[in-house]
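The next block holds one structure in the form of structure tokens; read it before the comments.
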Amino acid sequence: MSAGKRYFTNIYQAIASTLIGMKVTGKNAFTKPVTEMYPEVMPPIAERFRGILHNRIEDCTGCSACVRACPISCIHIQTVKRAKENVGQASDGTPLKLWVIQYDVNNSECMVCGLCTEPCPTHCLTMSHDFELAVPERKGMWRYFATEADKQAAERDAESAAKEKAAKAAAAQAATEAEVKEEGTATRVQGQTSPPASSDQAKKTGGDEGAGGKIE
Numbered sequence: 004m005s006a007g008k009r010y011f012t013n014i015y016q017a018i019a020s021t022l023i024g025m026k027v028t029g030k031n032a033f034t035k036p037v038t039e040m041y042p043e044v045m046p047p048i049a050e051r052f053r054g055i056l057h058n059r060i061e062d063c064t065g066c067s068a069c070v071r072a073c074p075i076s077c078i079h080i081q082t083v084k085r086a087k088e089n090v091g092q093a094s095d096g097t098p099l100k101l102w103v104i105q106y107d108v109n110n111s112e113c114m115v116c117g118l119c120t121e122p123c124p125t126h127c128l129t130m131s132h133d134f135e136l137a138v139p140e141r142k143g144m145w146r147y148f149a150t151e152a153d154k155q156a157a158e159r160d161a162e163s164a165a166k167e168k169a170a171k172a173a174a175a176q177a178a179t180e181a182e183v184k185e186e187g188t189a190t191r192v193q194g195q196t197s198p199p200a201s202s203d204q205a206k207k208t209g210g211d212e213g214a215g216g217k218i219e
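In terms of my numbering, the sequence shown opens at residue 4 and continues consecutively.
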């Protein structure tokens with residue numbers, strides 16, 4: 004290729020490349036911007052989107068079905084048995100027999116699979132639409148759902164149960180001691196009322212022994 008032809012070829016390629024770039028720029032210059040002002044304007048989220056796990060703790064029975072279903076054990080739960088007079092009801096009528104004093108979720112391990120929500124008897128576990136987990140420290144990834152009121156109520160019930168157990172133990176011990184004392188008294192009375200050997204029997208016994216001695 005001659006130098007003159009190469010020169011004009013390069014000019015043509017430069018103009019063509021510029022026009023192609025300007026075509027893309029010109030096309031997007033007159034279209035509506037797609038930039039969203041996040042986080043001021045939240046993006047649209049699908050209805051079945053699985054975000055951060057949420058627990059409606061007032062309906063939680065403390066059954067630990069979610070803990071058993073979780074494949075990576077990121078749910079930590081602790082319960083205390085409620086007193087009979089404090090047994091409550093969930094919104095669907097399910098009896099609440101346990102105080103949930105700890106319900107913690109480690110979102111740094113959660114894989115948002117939703118398996119924990121399926122066996123929940125009261126459907127208090129849901130996958131929310133919240134997805135923001137940017138925190139300065141790792142401990143900020145945890146979510147704590149147990150309420151302070153439930154913890155205090157559980158402490159009162161535990162104290163009441165301990166006192167009731169101690170009272171029953173004391174009553175049982177007192178009953179055992181009374182039974183032992185009664186048996187001892189009955190034994191002494193029986194020993195005092197048993198009849199002594201009669202004098203005739205004593206003489207007869209002595210006579211037999213004497214006779215036996217003479218025979219020898």
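The beta-carbon is built from N, C-alpha and C at its ideal position, and this holds for glycine as well.
1) Mind checking whether Met144 and Leu56 have CB atoms under 9 Å apart?
2) Go through its chain and collect everything with a Cβ distance to Ile75's Cβ below 6 Å, but skip five positions before and after it.
3) Would the C-beta of Ala181 count as close to the ligand GDP, meaning under 8 Å from any of its heavy atoms?
4) Is Phe134 buried or exposed, if buried means 16 or more other CB atoms sit within 10 Å of its CB?
5) When the distance is taken between beta carbons, is Cys127 closer than 9 Å to Asn31?
6) Counting beta carbon pairs with one atom in the region 14 to 29 and one in the region 85 to 98, are three or more of them shorter than 8 Å?
7) Put Gly91 into one of helix, strand or coil per three-state DSSP.
8) Among the residues of its own chain, which have a CB less than 6 Å from the CB of Asn13, if the five just before and after it don't count?
9) In terms of residue numbering, what span does the beta strand (DSSP E) encompassing Val83 cover?
10) Would you call the CB atoms of Val108 and Thr82 closer than 9 Å?
11) Which residues in the same chain have their Cβ closer than 6 Å to the Cβ of Gly65, if we skip the five residues on either side of it in sequence?
12) Would Arg51 pass as a contact of Val115 if the rule is Cβ separation under 9 Å?
13) Secondary structure at Ile14, three-state DSSP: helix, strand or coil?
14) By a C-beta neighbour count over all protein chains shown, 10 Å radius and 16 as the cutoff for buried, is Ala149 buried or exposed?
15) Buried or exposed: which applies to Asp62, given that a residue is buried once 16 or more other Cβ atoms fall within 10 Å of its Cβ?
16) Using the Cβ count rule (16 or more neighbours within 10 Å means buried), how would you classify Ala157?
17) Using the three-state DSSP reduction, which class does Leu101 fall into: helix, strand or coil?
18) Once the 5 residues before and after Leu77 are set aside, which same chain residues still bring their CB inside 7 Å of it?
19) Can you have a look at Tyr106 and say buried or exposed, based on whether 16 or more other CB atoms are within 10 angstroms of its CB?
20) Mapping DSSP to helix, strand and coil, what is Arg9?
Answer, in terms of the structure:
1) Counted from its first residue, the sequence shown places residue 144 at position 141. Counted from its first residue, the sequence shown places residue 56 at position 53. Contact: no.
2) Along the sequence shown, read from residue 1 onward, the residue named residue 75 stands at position 72. Cβ contact annotation for Ile75 (same chain, cutoff 6 Å, sequence separation greater than five): Glu112, in chain order.
3) With respect to the ligand GDP, the structure shown offers nothing to examine, as it has no ligands at all.
4) One-based indexing of the sequence shown puts residue 134 at position 131. So Phe134 ends up on the exposed side.
5) As a first step, residue 31 must be located in the sequence shown, where it is residue number 28. As a first step, residue 127 must be located in the sequence shown, where it is residue number 124. No, the Cβ-Cβ distance between Asn31 and Cys127 is not below 9 Å.
6) no
7) Indexing the sequence shown from 1 puts residue 91 at position 88. DSSP places Gly91 in strand when its eight states are reduced to three.
8) Mapped onto the sequence shown, residue 13 falls at position 10. Excluding sequence neighbours, Asn13 sits near nothing in its chain.
9) One-based indexing of the sequence shown puts residue 83 at position 80. Where Val83 is concerned, the enclosing beta strand (DSSP E) starts and stops at Ile78 to Lys84.
10) Residue 108 sits at position 105 when you count from the first residue of the sequence shown. Residue 82 sits at position 79 when you count from the first residue of the sequence shown. Not in contact: Val108 and Thr82 (Cβ atoms no closer than 9 Å).
11) As a working mapping, residue 65 is identified with position 62 in the sequence shown. So the qualifying residues of the chain are Thr82, Leu101 and Val103.
12) As a first step, residue 51 must be located in the sequence shown, where it is residue number 48. As a first step, residue 115 must be located in the sequence shown, where it is residue number 112. No; because the gap between Cβ atoms is not below 9 Å, this pair is not in contact.
13) Along the sequence shown, one-based indexing puts residue 14 at 11. Three-state DSSP puts Ile14 in a helix.
14) Taking the first residue of the sequence shown as 1, we reach residue 149 at position 146. Counting Cβ neighbours within 10 Å, Ala149 comes out buried, since at least 16 surround it.
15) Counted from its first residue, the sequence shown places residue 62 at position 59. Buried: at least 16 other Cβ atoms inside 10 Å.
16) Position 154 of the sequence shown, counted from the first residue, corresponds to residue 157. Result: buried.
17) Locating residue 101 in the sequence shown gives position 98, counting from the first residue. Three-state result, Leu101: strand.
18) Taking the sequence shown and counting its residues from 1, the one referred to as residue 77 is at position 74. A small fix is needed here, since residue 77 is Cys in this sequence, not Leu. Taken in chain order, the residues that qualify are Val108, Asn109, Glu112 and Cys113.
19) As a working note, residue 106 is residue 103 in the sequence shown. Buried, since its Cβ has 16 or more Cβ neighbours within 10 Å.
20) Residue 9 sits at position 6 when you count from the first residue of the sequence shown. Helix at Arg9.
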